[in-house]
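>
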Amino acid sequence: MGRISRGEQCSVNGCNVRAEYSVSYDEARVLENSGYKLRVVHGRVYLCRKHYKELKKLKKSESKILKWRFKT
Ligand SMILES: [Zn+2]
Numbered sequence: 003m004g005r006i007s008r009g010e011q012c013s014v015n016g017c018n019v020r021a022e023y024s025v026s027y028d029e030a031r032v033l034e035n036s037g038y039k040l041r042v043v044h045g046r047v048y049l050c051r052k053h054y055k056e057l058k059k060l061k062k063s064e065s066k067i068l069k070w071r072f073k074t
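Numbering (the numbering used here), first residue to last: 3 to 74.
Written out as structure tokens, the structure reads:
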């Protein structure tokens, strides 16, 4: 997970804000689970500040559930 340079747009469908963060699709899947549509680029997902925060928030609340909901 890291900051990215200019030029990319947020991968969330309908969000045209410039992306500031890039995460792996694996990490961003939490967003999909809660109803966001993601445009995945080579296994990466770009996020604007707002959606990155959203992801953080979702991850926090979902990490508890993850243990029993997704068995890998
Ligand atoms: Zn966004």
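We treat Cβ as the ideally placed atom computed from N, Cα and C, and that holds for glycine.
Please classify residue 25 as buried or exposed, where buried requires at least 16 neighbouring CB atoms within 10 angstroms.
buried
> Take the Cβ of residue 13 as the centre, count every other Cβ of all protein chains shown within 10 Å, and call the residue buried at 16 or more, exposed below.
buried
> I want to check one thing, is the minimum distance from the CB of residue 59 to the heavy atoms of ligand 1 below 7 Å?
Flag unset: Cβ of residue 59 not near ligand 1.
> Leaving out five residues before and five after residue 27 in sequence, what residues of the same chain have Cβ atoms less than 6 Å from its Cβ?
42, 45 and 47
> Taking all protein chains shown into account, decide if residue 19 is buried (16 or more other Cβ within 10 angstroms of its Cβ) or exposed.
exposed
> In whole angstroms, what separates the C-alpha of residue 51 from that of residue 61?
15 Å
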